[in-house]
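*Asks:* Residue 3 is where the sequence shown starts when you use the working numbering, and the numbers rise one by one after that. One structure, as structure tokens, below. Some questions next.
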Amino acid sequence: MQKSIASISCMLAILMVGTCAMGQTSVRNLTVKKDTIFNDKPEEVVVTATRTERKLSNIAVPFTMITQQQIQAAGVVRMQELLQEQTGLFITSGSGTAGMGGGVFGNGVQIQGMSPDYTLILINGEPVIGRQGGTLNLSRFTVANIKKVEVVKGPSSSLYGSEAMGGVINIITEQPQQNKFGASLRMGSYGIVDACANGSFIGKKSSTHVALNSYRFGGSDYNNNLVGYTQDPFTNNTAQVQYNQLLGTNTKLLVFARYSYEQTKNLFDANVNTTAPQKLIDGRIRINDVNINPTIQHRFSNKVNTSLRLYGTMYESIQQLNEENTRNTYYYDYFKQQFFRIENQTNITLPANNTLSIGGGFVREILNTNRYEGERTNNIAYGFVQNEWQPTAQWNIIGGLRYDANEDYASRLSPKLAVRYSPNNRLKFTASYGAGFRAPDYRQLYLSLVNPAAGGYAIYGSNEISTAKLQALQQQGFVSTILPRANDLKELKPETSNGFNIGAQYKWGTSTTIDVNLFNNDISNQIIFDIIALRGNGQQVYSYFNVKRSFTRGGELNIQHQFNSKWTITAGYQLLFTGDKDVVAAIANGKMFGRSEANNEVYALQRNDYYGLPNRSKHMLNVKLFYQHQPSGWSASVRGIYRSRWGTNDVDGNGIVNRTDETAKGFLQLNANVSKDFNTHWRVMLGAENLLNYRDAVNIPNVLGINGYIAIHYQLQKRK
3 MQKSIASISC
13 MLAILMVGTC
23 AMGQTSVRNL
33 TVKKDTIFND
43 KPEEVVVTAT
53 RTERKLSNIA
63 VPFTMITQQQ
73 IQAAGVVRMQ
83 ELLQEQTGLF
93 ITSGSGTAGM
103 GGGVFGNGVQ
113 IQGMSPDYTL
123 ILINGEPVIG
133 RQGGTLNLSR
143 FTVANIKKVE
153 VVKGPSSSLY
163 GSEAMGGVIN
173 IITEQPQQNK
183 FGASLRMGSY
193 GIVDACANGS
203 FIGKKSSTHV
213 ALNSYRFGGS
223 DYNNNLVGYT
233 QDPFTNNTAQ
243 VQYNQLLGTN
253 TKLLVFARYS
263 YEQTKNLFDA
273 NVNTTAPQKL
283 IDGRIRINDV
293 NINPTIQHRF
303 SNKVNTSLRL
313 YGTMYESIQQ
323 LNEENTRNTY
333 YYDYFKQQFF
343 RIENQTNITL
353 PANNTLSIGG
363 GFVREILNTN
373 RYEGERTNNI
383 AYGFVQNEWQ
393 PTAQWNIIGG
403 LRYDANEDYA
413 SRLSPKLAVR
423 YSPNNRLKFT
433 ASYGAGFRAP
443 DYRQLYLSLV
453 NPAAGGYAIY
463 GSNEISTAKL
473 QALQQQGFVS
483 TILPRANDLK
493 ELKPETSNGF
503 NIGAQYKWGT
513 STTIDVNLFN
523 NDISNQIIFD
533 IIALRGNGQQ
543 VYSYFNVKRS
553 FTRGGELNIQ
563 HQFNSKWTIT
573 AGYQLLFTGD
583 KDVVAAIANG
593 KMFGRSEANN
603 EVYALQRNDY
613 YGLPNRSKHM
623 LNVKLFYQHQ
633 PSGWSASVRG
643 IYRSRWGTND
653 VDGNGIVNRT
663 DETAKGFLQL
673 NANVSKDFNT
683 HWRVMLGAEN
693 LLNYRDAVNI
703 PNVLGINGYI
713 AIHYQLQKRK
């Protein structure tokens, strides 16, 4: 492994000396569009699908772009609110409150039925860290300073490496383009207050954009008989700066910096499910989140450009819980993750309509936490190559390959192939294959935790436990019984996936667009945790294993129709099938049984009894109607989101979801708003989310009841 890292590092050094830099492309000059919700002319430029600037119509993989105009029309303020209205994306929720000191995993996002663990979140092309239980909490991110959001669906590890096993979401922030100032204030139910201010300053050779956001959530409480909240109150303050400096005719420096501070209030009764007297626990979770990303872009000629990207980020979470009466420490958790990267990408235009992208980088990760013993570090070196060939105006073929060498797990080679065929301007066909992987995280490798607050269970990462260590713990009296499962302990492998997508797009006249995409993802080496030993107090000892094989497959349909200059409707539908391959095989062989809901009798399961993987709905639908009348300044939207029944937990003891009492009911969420522009500076919006007031505190605590709001926006410069 050390030789692999050394060889790639040497390759990168040669590459950097030869090109002096690395990166994404030359200076980004995104097209300025009219202030309409949907507008295809001029066409948007996107970067996430190929890591190079490409017109949206030339993209050969499943791709969704959410523009700034669409964000403003929806009236949302946090990232999870925006993504939940997109086809094929579902926002998962954690436990809702701090509970037994475990904190909240927060709102993650599924793509094509793949877990939030498998979705890579980027800000301006750089990865966001700070996952809890594998989930990156989307409520950390404001939409106030976003230019657009690009979503790539399906395995994307050939360009982005680990965590891009299910897809990539790239949050692209505002660039300074002209002198302007803006501010907004939104106030609503549940004590929600969102305040923003931003400004751009343009000089002769430099430009700066500054954005500030403060968000407050007062908490939700759906059970007045219990102490505490269904969702804990929190505040989040974010500052972002983009600085651009021309260093010459063909060279530019770009620096993006972001700082976010979040504080969550915790309050609960530790003895809520017991006969013991009430034991109130209160405390705070404090989160510091820092990103800095300097980039140098240089264009050698019209055919060669390169950039060098440096990136550093830190995520720190401190949770302190105390007994309310005695102020004794009930639980303390400290987690600090640091991520540093240097990366180079060079793009070369070759003869015969070929564009070659070559790049690579080096990553160093550092982790300090009281969950693990000592400081943990990891070094990763990687290289990638991609060629885009356009033999004719109708065909576009992209092939790519990436190699990741890692100190903590086996190296991984990730290929990609994508094809686009457009026989005319109205019709487009796409097909793509991609391999994805997800490296074992620190939790699965290094966790060493005995949790007295939850009865004293123990869980160890695969690198922290072995049969020899278990035997030593048995001699010390910590472990009473070593189970046969412990004999399977070994080094974890990366989880892997192979994804196929086939799609078509048809433009019917000038007002209607229809998109269809079919997908299939096969996942191997899924990491699960299992019991390896028993303690003397009856509690279990757990560790992690590569065993599970699963699949997600289905289709998406998106339709957009513009009735006239005022009215536009969009609709999206996803049909999803998921399952554990071993469970499907056991059912087919008559070896999987369940118990009847009616009389608890045992019966052999049939294939249609199996709901598939938990927390996935077979049917998801969104319909959005937009109105905009520019002369009068009035605009409005009504947006509906439907999700069918999904599996939640096992009741009859067979470890899968096969009964309706093991599922959550489907629901419909309805959101609406209306806004009015006053002259060129002011906009007032009135709106409400979840108009039908659907609530499920157990299964979807992140969905609030009906939530009304008023928002005021001020823009010093006239919108274009």
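Just so it is clear, CB atoms sit at the ideal spot from N, CA and C, and this is done for glycine as well.
V154: which of R53, L429, Y333 sits nearest, CA to CA?
*Replies:* Working through the sequence shown from its first residue, we reach residue 154 at position 152. It is R53.
*Asks:* To the nearest whole angstrom, what separates the beta carbons of L577 and K620, a pair I think is in contact under 8 angstroms?
*Replies:* Residue numbering aside, residue 577 sits at position 575 when the sequence shown is read from its first letter. Residue numbering aside, residue 620 sits at position 618 when the sequence shown is read from its first letter. L577 to K620, Cβ: 7 angstroms. Contact.
*Asks:* Could you give the DSSP three-state label for R142: helix, strand or coil?
*Replies:* Locating residue 142 in the sequence shown gives position 140, counting from the first residue. Secondary structure at R142: helix, using DSSP grouped into helix, strand and coil.
*Asks:* Check whether the Cβ atoms of L615 and G168 lie closer than 9 angstroms to each other.
*Replies:* One-based indexing of the sequence shown puts residue 615 at position 613. One-based indexing of the sequence shown puts residue 168 at position 166. It is not a contact, given that the beta carbons lie outside the stated cut-off.
*Asks:* Would you call the CB atoms of A674 and N701 closer than 9 angstroms?
*Replies:* The count along the sequence shown starts at 1 and reaches residue 674 at position 672. The count along the sequence shown starts at 1 and reaches residue 701 at position 699. The answer is no: Cβ separation not under 9 angstroms.
*Asks:* Can you tell me which residues form a DSSP beta bridge with N408?
*Replies:* Taking the first residue of the sequence shown as position 1, residue 408 is located at position 406. The partner list for N408 (beta bridge, DSSP) reads I382.
*Asks:* With DSSP collapsed to three states, give me the class of K568.
*Replies:* Here residue 568 refers to the residue found at position 566 of the sequence shown. Of the three classes helix, strand and coil, the one that applies to K568 here is coil, per DSSP.
*Asks:* State the CB to CB distance for the pair F386 and G361, rounded to an integer number of angstroms; the pair is presumed to be in contact (CB under 8 angstroms).
*Replies:* By one-based count along the sequence shown, residue 386 stands at place 384. By one-based count along the sequence shown, residue 361 stands at place 359. By a beta-carbon distance limit of 8 angstroms, F386 contacts G361. Their separation comes to about 6 angstroms.
*Asks:* For a test of the three-state rule: what should DSSP assign to T297, helix, strand or coil?
*Replies:* Translated into the one-based positions of the sequence shown, residue 297 becomes position 295. The answer is strand: DSSP assigns T297 an E or B state.
*Asks:* Comparing the CB of F439 with every heavy atom of the ligand FMN, is any distance shorter than 8 angstroms?
*Replies:* Only the bare structure without any ligand can be found here, which leaves the ligand FMN out of the picture.
*Asks:* Near T371, which residues of its chain fall below 7 angstroms by C-beta distance, leaving aside the five closest residues on each side in sequence?
*Replies:* Taking the first residue of the sequence shown as 1, we reach residue 371 at position 369. Closer than 7 angstroms at the Cβ level, and outside the excluded window around T371, lie Y336, F337, K338.
*Asks:* DSSP on E558, reduced to helix/strand/coil?
*Replies:* As a working mapping, residue 558 is identified with position 556 in the sequence shown. Strand at E558.
*Asks:* Out of R188, Y162, L693, which one is the CA nearest neighbour of Q74?
*Replies:* The count along the sequence shown starts at 1 and reaches residue 74 at position 72. Comparing Cα-Cα distances from Q74 to each of R188, Y162, L693, the minimum goes to R188.
*Asks:* Compare the C-alpha of S539 against each of G90, Y459, E603 and name the closest.
*Replies:* In the sequence shown, residue 539 corresponds to position 537, counting from 1. The sequence shown places Asn at residue 539, rather than the Ser named in the question. With distances taken between Cα atoms, N539 lies closest to Y459.
*Asks:* Can you tell me whether DSSP reads P129 as helix, strand or coil?
*Replies:* Here the question's residue 129 lines up with position 127 in the sequence shown. The answer is strand: DSSP assigns P129 an E or B state.
*Asks:* Given a threshold of 16 other Cβ atoms within 10 Å of its Cβ, counted over all protein chains shown, does G376 qualify as buried or as exposed?
*Replies:* Numbered from its first residue, the sequence shown carries residue 376 at position 374. Classification of G376: exposed, given that the 10 Å Cβ count is below 16.
*Asks:* Between G193, Y462, R440, which lies nearest to Y448 when the distance is taken from Cα to Cα?
*Replies:* Residue numbering aside, residue 448 sits at position 446 when the sequence shown is read from its first letter. Of G193, Y462, R440, the residue nearest in Cα terms is Y462.
*Asks:* From Y423 to V195, what distance separates their C-alpha atoms?
*Replies:* Against the sequence shown, residue 423 aligns to sequence position 421. Against the sequence shown, residue 195 aligns to sequence position 193. Their Cα atoms are separated by approximately 48 angstroms.
*Asks:* In angstroms with no decimal places, state the Cα-to-Cα distance between R537 and Y374.
*Replies:* Start at 1 with the first residue of the sequence shown, and residue 537 comes out as number 535. Start at 1 with the first residue of the sequence shown, and residue 374 comes out as number 372. Looking at the two C-alpha atoms, the distance is approximately 20 angstroms.
*Asks:* So, at 6 angstroms on beta carbons, what are the nonlocal neighbours of N293 in its own chain, with the 5 sequence-adjacent residues on each side left out?
*Replies:* What you label residue 293 is simply residue 291 of the sequence shown in a count that begins at 1. Closer than 6 angstroms at the Cβ level, and outside the excluded window around N293, lie R260, T315.
*Asks:* Three or more C-beta pairs under 8 angstroms: does that hold for the segment 299-314 against the segment 269-286?
*Replies:* no
*Asks:* Between the alpha carbons of S117 and S209, how many angstroms are there, rounded?
*Replies:* Against the sequence shown, residue 117 aligns to sequence position 115. Against the sequence shown, residue 209 aligns to sequence position 207. Rounded to whole angstroms, S117 to S209 spans 40 angstroms at the Cα level.
*Asks:* Let me confirm a value: T89 is counted as buried when at least 16 other C-beta atoms fall within 10 Å, else exposed. Which label applies?
*Replies:* As a position in the sequence shown, residue 89 is number 87, starting the count at 1. By the 10 Å Cβ count, T89 comes out buried.
*Asks:* So within the segment 573-644, which uninterrupted alpha helix (DSSP H) runs reach at least 4 residues, ignoring any that extend past its ends?
*Replies:* 583-590
*Asks:* Just to confirm, are Y435 and G505 a CB contact at a threshold of 9 angstroms?
*Replies:* Along the sequence shown, one-based indexing puts residue 435 at 433. Along the sequence shown, one-based indexing puts residue 505 at 503. With contacts defined as CB atoms closer than 9 angstroms, Y435 and G505 fail to qualify as a contacting pair.
*Asks:* Within the continuous alpha helix (DSSP H) that includes T469, where are the two ends?
*Replies:* Residue numbering aside, residue 469 sits at position 467 when the sequence shown is read from its first letter. Per DSSP, T469 belongs to the alpha helix (DSSP H) from 469-477.
*Asks:* With a threshold of 8 angstroms, are at least 3 pairs of Cβ atoms found where one atom belongs to the segment 467-479 and the other to the segment 515-532?
*Replies:* no
*Asks:* So the candidates are G220, N225, L249, N227; which of them puts its Cα closest to the Cα of Q265?
*Replies:* The sequence position of residue 265 within the sequence shown is 263, counting from 1. It is G220 whose Cα lies nearest to the Cα of Q265.
*Asks:* What are the start and end residues of the alpha helix (DSSP H) that includes R311?
*Replies:* As a working mapping, residue 311 is identified with position 309 in the sequence shown. No alpha helix (DSSP H) contains R311, which is instead part of the beta strand (DSSP E) from 306-325.
*Asks:* Between the C-alpha atoms of L312 and L255, what's the straight-line distance to the nearest angstrom?
*Replies:* Taking the first residue of the sequence shown as 1, we reach residue 312 at position 310. Taking the first residue of the sequence shown as 1, we reach residue 255 at position 253. Each residue's alpha carbon lies about 11 angstroms from the other.
*Asks:* Determine, using beta carbons only, whether G649 comes closer than 9 angstroms to chain C.
*Replies:* Although the question refers to chain C, the structure presented lacks it and comprises just one protein chain.
*Asks:* Under the assumption that Q671 contacts I643 (Cβ atoms under 8 angstroms), give the Cβ distance between them as a whole number of angstroms.
*Replies:* Translated into the one-based positions of the sequence shown, residue 671 becomes position 669. Translated into the one-based positions of the sequence shown, residue 643 becomes position 641. 5 angstroms between Cβ atoms; contact.
*Asks:* Does DSSP classify S216 as helix, strand or coil?
*Replies:* Your numbering for residue 216 matches position 214 in the sequence shown. Strand at S216.
*Asks:* What is the DSSP secondary structure of I73, counted as helix, strand or coil?
*Replies:* What you label residue 73 is simply residue 71 of the sequence shown in a count that begins at 1. Reduced to three states, the DSSP call for I73 is helix.
*Asks:* Would you report the Cα separation of L91 and T483, rounded to the nearest angstrom?
*Replies:* The residue labelled residue 91 in the question sits at position 89 within the sequence shown. The residue labelled residue 483 in the question sits at position 481 within the sequence shown. The alpha-carbon atoms of L91 and T483 are separated by roughly 44 angstroms.
*Asks:* Identify every residue that forms a DSSP beta bridge with P417.
*Replies:* The residue you call residue 417 lines up with position 415 of the sequence shown. DSSP output for P417 lists L403 as bridge partner(s).
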